[in-house]
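So the sequence shown is numbered by my numbering: it starts at 21 and just counts up by one.
No residue lacks a Cβ here, since even glycine has one placed at the ideal position from N, Cα and C.
What follows is a short report on a single structure.
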Amino acid sequence: MRYTLLSTLCHVRETEITDSLVELFIQLVQEINTRAEKKVEGEFSKERKRVRGKEGILLRLAEAAVAEPGGTVRKVIYPVAGESTLKALAAEAAANEARYRARVRTVLRSSYSSHWRRMLSPLLNALELMCDNTAYRPVMDAIDLLKRYLDQPIAKEGAFFDVAEKIPLGGVVHEEWRKAVVDERDRVERLPYELCVLVSLRDALRRREI
């Protein structure tokens, strides 16, 4: 009886420890992303807005739309802000979004390589991950690949996976990260790829698919 109780207790504690490690992993990956986004948002908020009087224009557009919700764009919106002004606003917003995402990727890479990577590596190795959903097979294969490379140093100029490796990209690397991960010679850079894998793993753990 005592051995049965002890075995049950050990199993319960093992489950609790595993759950705690998973939660810690999720929190760490989220913290990396949150800090990078906050830093970039602070940088962008200090930049001068290129479209003059943008806030006033947006306010007048909102007021006009609310005042005549059934009106057409040409009748309601264009008298407030002409077509050229709207095109300038759209172009600036698109450019800012692209620059923002690129800057976030740069900050993520820097903070991960210099600080977070050392903490995530032992945590990832401590988890025994399993998955029955074939849709997440690329993520599992990517994790196995990462574990084989985690102890290999990465130079300041970066490092790439061996060209002979079969590297999962679909289901692991989001489209906005593809150019940061795969260079013009189709080599896969390790640091940005590791970040993509960790984010994909975090999402899968949240959904309890892994």
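Identify the continuous alpha helix (DSSP H) that holds ILE97 and give its terminal residues. No alpha helix (DSSP H) holds ILE97; DSSP gives it neither H nor E.
Could you tell me which residues DSSP pairs with PHE180 in its beta bridges? For PHE180, the pairing in a beta bridge is given by DSSP as GLU209.
Please say whether VAL208 and VAL202 have beta carbons closer to each other than 9 Å? Contact: yes.
Just the Cα atoms here: how many angstroms apart are SER134 and THR126? Using only the alpha carbons, I get a separation of about 12 Å.
Return the chain-ordered list of same chain residues with a C-beta closer than 7 Å to the C-beta of THR54, the five sequence neighbours on each side being excluded. Cβ-Cβ distances below 7 Å link THR54 to nothing in the same chain once the five nearest sequence neighbours on each side are left out.
For VAL100, which of ALA111, GLU83, PRO89 and ILE187 has the nearest alpha-carbon? The alpha carbon of VAL100 has as its nearest neighbour, out of ALA111, GLU83, PRO89 and ILE187, the alpha carbon of GLU83.
Contact between the stretch 158-173 and the stretch 191-202 (3+ Cβ pairs under 8 Å): Three or more Cβ pairs drawn from the stretch 158-173 and the stretch 191-202 lie within less than 8 Å of each other, which places the two stretches in contact.
Could you pull the start and end residues of the alpha helix (DSSP H) that ILE77 belongs to? First-last of the alpha helix (DSSP H) with ILE77: 74-87.
Within this structure, are the beta carbons of MET165 and ILE187 separated by less than 9 Å? One point to set straight first is that residue 165 is Leu, not Met, in the sequence displayed. Yes; because the gap between Cβ atoms is below 9 Å, this pair is in contact.
Relative to the alpha-carbon of LEU170, which residue among GLU195, MET150, TRP197 and MET139 has its alpha-carbon at the smallest distance? That would be MET139, whose Cα lies nearest to the Cα of LEU170.
In whole angstroms, give me the CA-to-CA distance for LYS59 and VAL124. It is roughly 8 Å from the alpha-carbon of LYS59 to the alpha-carbon of VAL124.
In the DSSP assignment, what are the bridge partners of VAL202? VAL208.
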